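Engineer: Protein chains in written order, with the working numbering: chain B, 627 to 823; chain A, 627 to 823.
We put the CB at the ideal spot given by N, CA and C, even for glycine.
The structure presented is a predicted model; accordingly, all values stated were derived computationally and were not measured.
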DNA sequence: ATCTCTGTACTGACTGGTCAGTCTAAAAAC
DNA sequence: GTTTTTAGACTGACCAGTCAGTACAGAGAT
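1) Can you check whether the C-beta of residue 730/B is within less than 9 Å of a C-beta belonging to chain A?
2) Do you know how far the Cα of residue 741/B is from the Cα of residue 806/B?
3) Where residue 772/B and residue 726/B are concerned, what is the direct C-alpha to C-alpha distance, given to the nearest angstrom?
4) Cβ of residue 739/B less than 9 Å from any chain A Cβ?
5) Beta-carbon within less than 6 Å of residue 770/B's beta-carbon, same chain only, minus the 5 sequence neighbours each way: which residues are those?
6) Measure the beta-carbon distance from residue 703/A to residue 689/A and round it to whole angstroms, keeping in mind my assumption that it falls under 8 Å.
7) By how many angstroms is the C-alpha of residue 701/A removed from the C-alpha of residue 645/B?
8) Smallest Cα separation from residue 713/B: which of 795/B, 786/B, 639/B and 659/B?
9) Let me make sure I understand the geometry here. Which of 638/B, 639/B, 653/B and 635/B has the alpha-carbon closest to that of residue 743/A?
10) Run through DSSP, which three-state label would residue 767/A get?
11) DSSP three-state call for residue 783/B: helix, strand or coil?
12) Would you say residue 796/A faces chain B, with C-beta separation under 9 Å as the test?
13) Do we get a CB-CB distance below 9 Å when we pair residue 760/A with the residues of chain B?
14) Take the Cβ of residue 670/A as the centre, count every other Cβ of all protein chains shown within 10 Å, and call the residue buried at 16 or more, exposed below.
15) Would you call the stretch 790-804 of chain B and the stretch 779-799 of chain A in contact, with 3 or more CB pairs under 8 Å?
16) What's the C-alpha gap between residue 759/A and residue 706/A?
17) Counting Cβ pairs closer than 8 Å, one from the stretch 746-753 of chain A and one from the stretch 689-699 of chain A, do we hit at least three?
18) Run through chain B and tell me which residues come within less than 7 Å of residue 800/A, C-beta to C-beta.
19) For the alpha helix (DSSP H) containing residue 698/B, list its first residue and its last residue.
20) Can the beta-carbon of residue 721/A be found closer than 9 Å to that of residue 813/A?
21) Residues of chain A with CB closer than 9 Å to the CB of residue 788/B, please, in chain order.
22) Going along chain A, which residues have a C-beta under 7 Å from residue 742/B?
23) Is the separation between the beta-carbon of residue 737/B and that of residue 655/B shorter than 9 Å?
24) Any beta carbon from chain B within less than 9 Å of residue 819/A's own beta carbon?
25) Classify residue 717/A as helix, strand or coil using the three-state DSSP reduction.
26) At least one CB of chain B closer than 9 Å to the CB of residue 812/A: is that the case?
27) To which residues of the same chain is residue 761/B closer than 8 Å at the C-beta, ignoring the five residues directly before and after it?
28) Mind checking residue 756/A: buried by the 16 CB within 10 Å criterion, or exposed?
29) Go ahead and label residue 640/A buried or exposed: buried means 16 or more other beta carbons lie within 10 angstroms of its beta carbon, across all protein chains shown.
30) Find the residues of chain B that neighbour residue 664/A, judging by a C-beta separation of less than 8 Å, and give them in chain order.
31) Are the beta-carbon atoms belonging to residue 650/B and residue 685/B less than 9 Å from one another?
32) May I have the straight-line CA-CA distance separating residue 633/A from residue 664/B, to the nearest angstrom?
33) Would a check of beta-carbon distances place residue 816/B closer than 9 Å to chain A?
34) Tell me, please, whether the CB atom of residue 646/A is closer than 9 Å to any CB atom in chain B?
35) Over the uninterrupted alpha helix (DSSP H) stretch that includes residue 668/A, give me the two end residues.
Next up, the structure:
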């Protein structure tokens, strides 16, 4: 599993992920061709189909990989913190993630609210996993009295997730010269004020 | 201009707009075929090309039409109001618009942050027109001292626009049974708190 | 009133190109 | 010697855009 052979194969898969995420972020899933992905990754087309079952499966595995990473960072960020600090840590983690994987964030923003696509079910499930971490934190805050008791936990959680995504990507696309630290401050300010009881 | 012939033609164009906006919101621009649009509108494929130069031009005219409407409603909403009331009116107008044209809002959210698409330039321009109305209002608020003097006007304006879009569409897609009035209250609450000096 | 005539709106079969996915034989990596 | 990758020709489905032809409303002409 970690011998030379599979390490090599894992490299190729990573290169294909990187190529696919960039192209799909720019153009969308349908407008991106498998030939493009192979060319950008510097591999032959056959290699794509040696490593992935289909274009759709490549995309689904990409989604799983990307959101899995995000969920893991969310979990690491909140570990052991009290509710209010944990909430701030989540915002920081989300923005840090978007800064590192901006193409994936852009892709998520564009494909997240689609309906009637083959991979839509997968995406919903994964989105749910990431938001569940946020929801646990918000729930803890409500239970401990740190957050307003009448707060709608699932709604607040998904709104928090979406707001971070849209504000950060908007900033990246339309004002790419500005430092991400500013977005982070602005968002933290918003969340802090909103969370005030 | 308003005789039977052009009225009929205008009807057909409207039907094509409606069909196109629904399909593109669900599937995206590239995944939506001209045959699909024609079929949903109940016309022959040739009719699409009789009324529009190309699939891309149909989409661009659709964007112009939809965002033009939004911009007009923004202008009507703020007319004559003092800054803080105008800001609340803008949020209300945006949500009212999204409630009425939910498919168009979904489409906007999905295509807004794309790069490298033929119609991207048009979309940026139109987005700028709508946000300009928000920016004028925010600017007036800063000048009159109703809003913090150190507020970054363009950033705050585009963030406000994007946040309304993402929160409302997220609600519509993932919790469609809930009344939009709740989103409106939640968003107004957020904006009110954030705008506090 | 009926009868051409004319431009407008629309039709749907067809074309040329594009693209996901297949296949092969041989090379390279391990 | 087994796994992974290569290069790219090929197939079949699909799809944007075209075009010759139909339908029909209304505007004179008789």
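Structural biologist: Let's see:
1) no
2) Looking at the two C-alpha atoms, the distance is approximately 31 Å.
3) CA-to-CA, the gap between residue 772/B and residue 726/B works out to about 31 Å.
4) yes
5) Excluding residues within five positions, the ones whose Cβ falls inside 6 Å are 709.
6) The Cβ separation is near 21 Å, so there is no contact.
7) 43 Å
8) 786/B
9) 653/B
10) helix
11) helix
12) yes
13) For residue 760/A, no Cβ of chain B is located within less than 9 Å of the residue's own Cβ.
14) Exposed, by the Cβ-count rule.
15) yes
16) One C-alpha to the other measures close to 13 Å.
17) The stretch 746-753 of chain A is in contact with the stretch 689-699 of chain A.
18) 784
19) 681-704
20) yes
21) 789, 792, 793, 795 and 796
22) Residues of chain A passing the Cβ test: 652 and 653.
23) yes
24) True, the Cβ-Cβ gap to chain B drops below 9 Å.
25) helix
26) Yes, residue 812/A counts as interfacial toward chain B.
27) 779, 780 and 783
28) With 16 or more other Cβ atoms within 10 Å, it is buried.
29) exposed
30) Under the 8 Å cutoff, chain B gives no residues; its nearest Cβ is about 18 Å from residue 664/A.
31) Contact: yes.
32) When only Cα atoms are considered, residue 633/A and residue 664/B end up about 50 Å apart.
33) For residue 816/B, the answer is yes, since a Cβ of chain A falls inside 9 Å of its Cβ.
34) no
35) No alpha helix (DSSP H) holds residue 668/A; DSSP gives it neither H nor E.
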